[in-house]
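Just so you know, numbering that gives the first Met the number 0 puts 199 at position 200 of the sequence shown, and the rest follows in order with no gaps.
Note sheet for the following structure.
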Amino acid sequence: MRKVLMATYLGSAAMLAVGSASANDELIKMSQNPKDWVMPAGDYANTRYSKLNQINAQNVGKLQVAWTFSTGVLRGHEGGPLIIGNVMYVHTPFPNKVYALDLSNENKIIWKYEPKQDPNVIPVMCCDTVNRGLSYGDGKIILHQADTTLVALDAKTGQVAWSVKNGDPTKGETGTSAALVVKDKVLVGISGGEFGVQAHMTAYDLKTGKLAWRGYSGGPDDQILVDAEKTTALGKPVGKDSSLKTWQGDQWKIGGGATWGWISYDPELNLIYYGSGNPSTWNPKQRPGDNKWSMTIWARNADTGVAKWVYQMTPHDEWDYDGVNEMILSDQSINGQPRKLLTHFDRNGLAYTMDRVTGELLVAEKYDPKVNWTSGVDMDKNSPTYGRPKVLDAASTEKGGEDHNTKGICPAALGTKDEQPAAYSPDTQLFYVPTNHVCMDYEPFKVSYTAGQPYVGATLSMYPPQGETHMGNFIAWDGKTGKIVWSNKEQFSVWSGALATAGGVVFYGTLEGYLKAVDAKSGKELYKFKTPSGIIGNVTTYENGGKQYVAVLSGVGGWAGIGLAAGLTDPTAGLGAVGGYAALSNYTALGGTLTVFSLPAAN
Numbered sequence: 000m001r002k003v004l005m006a007t008y009l010g011s012a013a014m015l016a017v018g019s020a021s022a023n024d025e026l027i028k029m030s031q032n033p034k035d036w037v038m039p040a041g042d043y044a045n046t047r048y049s050k051l052n053q054i055n056a057q058n059v060g061k062l063q064v065a066w067t068f069s070t071g072v073l074r075g076h077e078g079g080p081l082i083i084g085n086v087m088y089v090h091t092p093f094p095n096k097v098y099a100l101d102l103s104n105e106n107k108i109i110w111k112y113e114p115k116q117d118p119n120v121i122p123v124m125c126c127d128t129v130n131r132g133l134s135y136g137d138g139k140i141i142l143h144q145a146d147t148t149l150v151a152l153d154a155k156t157g158q159v160a161w162s163v164k165n166g167d168p169t170k171g172e173t174g175t176s177a178a179l180v181v182k183d184k185v186l187v188g189i190s191g192g193e194f195g196v197q198a199h200m201t202a203y204d205l206k207t208g209k210l211a212w213r214g215y216s217g218g219p220d221d222q223i224l225v226d227a228e229k230t231t232a233l234g235k236p237v238g239k240d241s242s243l244k245t246w247q248g249d250q251w252k253i254g255g256g257a258t259w260g261w262i263s264y265d266p267e268l269n270l271i272y273y274g275s276g277n278p279s280t281w282n283p284k285q286r287p288g289d290n291k292w293s294m295t296i297w298a299r300n301a302d303t304g305v306a307k308w309v310y311q312m313t314p315h316d317e318w319d320y321d322g323v324n325e326m327i328l329s330d331q332s333i334n335g336q337p338r339k340l341l342t343h344f345d346r347n348g349l350a351y352t353m354d355r356v357t358g359e360l361l362v363a364e365k366y367d368p369k370v371n372w373t374s375g376v377d378m379d380k381n382s383p384t385y386g387r388p389k390v391l392d393a394a395s396t397e398k399g400g401e402d403h404n405t406k407g408i409c410p411a412a413l414g415t416k417d418e419q420p421a422a423y424s425p426d427t428q429l430f431y432v433p434t435n436h437v438c439m440d441y442e443p444f445k446v447s448y449t450a451g452q453p454y455v456g457a458t459l460s461m462y463p464p465q466g467e468t469h470m471g472n473f474i475a476w477d478g479k480t481g482k483i484v485w486s487n488k489e490q491f492s493v494w495s496g497a498l499a500t501a502g503g504v505v506f507y508g509t510l511e512g513y514l515k516a517v518d519a520k521s522g523k524e525l526y527k528f529k530t531p532s533g534i535i536g537n538v539t540t541y542e543n544g545g546k547q548y549v550a551v552l553s554g555v556g557g558w559a560g561i562g563l564a565a566g567l568t569d570p571t572a573g574l575g576a577v578g579g580y581a582a583l584s585n586y587t588a589l590g591g592t593l594t595v596f597s598l599p600a601a602n
């Protein structure tokens, strides 16, 4: 039966490709207009780079606030607005309001959408009630609500065109991610790794909301949409039952591998790229094996969902190093040869550069020198452990075992970088990466699975590396060599998405609430302004009326700010983050504000 299903998927690929080839030509063209910001990351390559240069390294120090907008919601404001022509679309955390603002008429509210959601979804949202943003396609604004409802809103009126349920919150499945429109489909992941869900990436028809395909992170071949002979891992066929063989019994059914991160797309290759998260539970003793395909980079055919290649970064994860962070696509030369590259800054502290056509591993290096759970990745193609990280016994929670507190592991579970997306500038060929500089103690314990209840099985505490006080760095990274070019210290983790521009400026936000601008080449700080609350949103830029603007949401929260956002005080609460970031309350308070900056008018 599985072979028949797979043949059907593969056989229909050609027909689907013909019918949808021109479906999003308009969207590709729109994304090439730097005046707008029509996708969550600005473009399909997830570069978060803008060609706008009116604001540049010479004048950015003169920036001032142009206007502000209160969202009317507190807690963590992740993601950023979309800008399409004269309209800006702003989203909020739960209850996931959407505002359409008229940029040509004093930013007047054109329409507002406020879904009615069961507040019982809040307790099953891991790490705050965040939402990472909106998508656009075919005249529709796409929102993934906390209760997993995927809704398409008419961009002009805010009326619901269609809606569909992407998961079941009573099982711990929630919606926090930004969808992505690709051709005639809406792609969206699912949250819930801490509740033992069987996670998936799903495609829905853009016009109707009808299910097109769904690929799970773990399970039988026909569910994870792999071809045993044609889908490869580091150049070799994955083989039959590649996931099932790495789980004990039916554990894959509650295996996690959540997909709440970012999605990128290469139209030429017709491949989408995304990462899958941690296996459930956090107690590695309870799930022997590599637990494939959690912690994996996926390259899937956009039409059929069938995987072309996979690469598991952290087999048998022992630390909650979710693999969901963005995949940034670039074309660069390595050793004199032009390559189509994919660069990924993983929670595990390793930055990977891969050939996005074949899945060949080119670079895997630590992007924080304090990373100590591994000595590095085996890069010998003839080795039986090629592509695997070498785990150091002192940091192994598996070797320590249940009810043993393994201390001093770097990075902490929230990773050297979490979902806060990096940026890439083709001008400098550097990546600009917001990072966490945090270590942890980790004590696994036995836990039983109950649908809709936390399935964690570990107690954590977090703190800066020994002998240091700062908990974040903002770095420039050379993905070809795997080296840090420059690094700026920050008191707290940098939990904001970066923005690189043709003006030679890179922007990011801090947990205290500062919007900062630095020189793309040197990292020198050129400007900072403190917004009303901590920034965990992604910096965006656009042009309207001949003027360039920079916009960012402030509203402290997310995993790092969960103590403030949810009023938690137990140091081990928030999966260990409350104690680690306790001092944050001395610098900022809850908020929900969009702040927009521009240069002063010329005299």
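In this text, a Cβ means the ideal position worked out from N, Cα and C, and glycines have one as well.
All figures in this text were calculated on a predicted structure; none of them were measured in a lab.
Using a threshold of 8 angstroms, state whether the C-beta atoms of E401 and K244 are closer than that.
Sequence index remark: in the sequence shown, residue 401 carries index 402 (1-based). Sequence index remark: in the sequence shown, residue 244 carries index 245 (1-based). Not in contact: E401 and K244 (Cβ atoms no closer than 8 angstroms).
Within its chain, find whatever has a CB closer than 6 angstroms to the CB of F68; leave out the 5 residues flanking it on each side and keep chain order.
Taking the sequence shown and counting its residues from 1, the one referred to as residue 68 is at position 69. Excluding sequence neighbours, F68 sits near L593.
If I follow the unbroken alpha helix (DSSP H) through Q547, where does it start and stop?
Here residue 547 is taken as the residue at index 548 of the sequence shown, counted from 1. From DSSP, Q547 is part of no alpha helix (DSSP H) but of the beta strand (DSSP E) over K546 to S553.
Closest to K436 by C-alpha separation, out of N269, P464, R299 and E418, would be which residue?
Indexing the sequence shown from 1 puts residue 436 at position 437. Sequence check: residue 436 is His here, not Lys. Closest by alpha carbon: P464.
Going by DSSP in three states, W251 sits in which element: helix, strand or coil?
Mapped onto the sequence shown, residue 251 falls at position 252. Helix at W251.
Where does V187 sit, in a helix, a strand or coil, going by DSSP?
Here residue 187 corresponds to residue number 188 of the sequence shown, with the count starting at 1. Reduced to three states, the DSSP call for V187 is strand.
Could you give the first and the last residue of the continuous alpha helix (DSSP H) run that contains V59?
Taking the sequence shown and counting its residues from 1, the one referred to as residue 59 is at position 60. Neither: V59 is in no alpha helix (DSSP H) and is coded neither H nor E.
Counting only runs that start and end within the stretch 562-587, where is the alpha helix (DSSP H) found for 4 or more residues in a row?
576-579
Under 8 angstroms: do the stretch 219-229 and the stretch 164-178 share three or more Cβ pairs, one atom per stretch?
no
According to DSSP, which residues form a beta bridge with D24?
Taking the sequence shown and counting its residues from 1, the one referred to as residue 24 is at position 25. Partner(s): none; D24 has no beta bridge.
Pair every Cβ in the stretch 97-112 with every Cβ in the stretch 512-522, then say whether three or more of these pairs are closer than 8 angstroms.
no
If you draw a straight line from the C-alpha of A20 to the C-alpha of Y264, how long is it?
The count along the sequence shown starts at 1 and reaches residue 20 at position 21. The count along the sequence shown starts at 1 and reaches residue 264 at position 265. Because the pLDDT at A20 is just 45, under 50, the model does not fix this residue reliably, and the value given afterwards should be weighed accordingly. Their backbone Cα atoms lie some 14 angstroms apart in a straight line.
Which residues in the same chain as N472 place their Cβ atom closer than 8 angstroms to its Cβ, once the five residues preceding and following it in sequence are excluded?
As a position in the sequence shown, residue 472 is number 473, starting the count at 1. Exclusion of the five residues before and after N472 leaves D367, T434, H436, S486, N487, K488, E489 and V493 as the residues of its chain whose Cβ lies within less than 8 angstroms of its Cβ.
Alpha carbon to alpha carbon, how far is I262 from V89?
Mapped onto the sequence shown, residue 262 falls at position 263. Mapped onto the sequence shown, residue 89 falls at position 90. Approximately 20 angstroms between the Cα atoms of the pair.
Are the beta-carbon atoms belonging to Y272 and M312 less than 8 angstroms from one another?
Counting from one through the sequence shown, the residue named residue 272 turns up at place 273. Counting from one through the sequence shown, the residue named residue 312 turns up at place 313. In this structure, M312 does not lie closer than 8 angstroms to Y272 by Cβ.
Give the DSSP-derived three-state secondary structure of S49 in the structure shown.
Reading the sequence shown from its first residue, position 50 is the one you call residue 49. The answer is strand: DSSP assigns S49 an E or B state.
With which residues is T156 paired in a DSSP beta bridge?
Working through the sequence shown from its first residue, we reach residue 156 at position 157. According to DSSP, which records beta bridges pairwise, T156 is partnered with nothing at all.
Distance check for G78 and K416, CA to CA, integer angstroms please.
Numbered from its first residue, the sequence shown carries residue 416 at position 417. Numbered from its first residue, the sequence shown carries residue 78 at position 79. C-alpha separation (whole angstroms): 15 angstroms.
For M470, collect the residues of the same chain with a Cβ closer than 8 angstroms to its Cβ; drop the 5 residues on either side in sequence, then sort them by chain order.
To locate residue 470, count along the sequence shown from 1; it is residue 471. Once the five neighbours on either side are set aside, the close Cβ partners of M470 are N435, H436, V437, P463, E489, Q490, F491, S492, G579 and Y580.
Relative to the C-alpha of S134, which residue among I296, L179 and N165 is closest?
Mapped onto the sequence shown, residue 134 falls at position 135. Just measuring C-alpha positions, the residue of I296, L179 and N165 sitting nearest S134 is L179.
Exposed or buried, what is N104 when buried is set at 16 or more other beta-carbons lying within 10 Å of its beta-carbon?
As a working mapping, residue 104 is identified with position 105 in the sequence shown. Exposed, since its Cβ has fewer than 16 Cβ neighbours within 10 Å.
Can you name the start and end residues of the beta strand (DSSP E) that Q331 belongs to?
Your numbering for residue 331 matches position 332 in the sequence shown. The continuous beta strand (DSSP E) containing Q331 extends over residues M326 to I333.
Should the stretch 335-350 be called in touch with the stretch 251-262, which here means at least 3 C-beta pairs below 8 angstroms?
no
Flag Q547 as yes when its Cβ comes closer than 7 angstroms to any non-hydrogen atom of the ligand GTP, and as no otherwise.
Annotation note on the ligand GTP: not contained in the displayed structure, which lists no ligands.
I need the boundaries of the alpha helix (DSSP H) containing D641, first residue and last residue.
Given that the chain is displayed from residue 0 to residue 602, the structure contains no residue 641 and the question cannot be resolved.
On a CA-only basis, which of F444, G75 and V309 is nearest A566? Give me that one, please.
Stepping through the sequence shown from its first residue, residue 566 is reached at position 567. It should be noted that the sequence gives Gly, not Ala, for residue 566. It is G75 whose Cα lies nearest to the Cα of G566.
What residue from A457, V432 and P453 has the CA that sits closest to F444's CA?
Taking the sequence shown and counting its residues from 1, the one referred to as residue 444 is at position 445. The option with the nearest alpha carbon to F444 is A457.
Which same chain residues, not among the five before or five after G136, have their C-beta less than 8 angstroms away from its C-beta?
The residue given as residue 136 occupies position 137 in the sequence shown. Answer for G136: N23, L26, V180, V185 and L205, listed in chain order.
Indicate the three-state DSSP secondary structure (helix, strand or coil) for G590 in the structure shown.
For the purposes of this step, residue 590 is identified with residue 591 of the sequence shown, where counting begins at 1. Residue state, collapsed to three classes: coil.
Based on Cα-Cα distance, which residue from Q53, V129, D117 and N119 lies nearest to T559?
Reading the sequence shown from its first residue, position 560 is the one you call residue 559. Residue identity check: residue 559 is Ala in the sequence provided, not Thr. It is V129 whose Cα lies nearest to the Cα of A559.
Less than 8 angstroms separating the beta-carbons of Y454 and T280?
Translated into the one-based positions of the sequence shown, residue 454 becomes position 455. Translated into the one-based positions of the sequence shown, residue 280 becomes position 281. A contact, by the Cβ cut-off of 8 angstroms.
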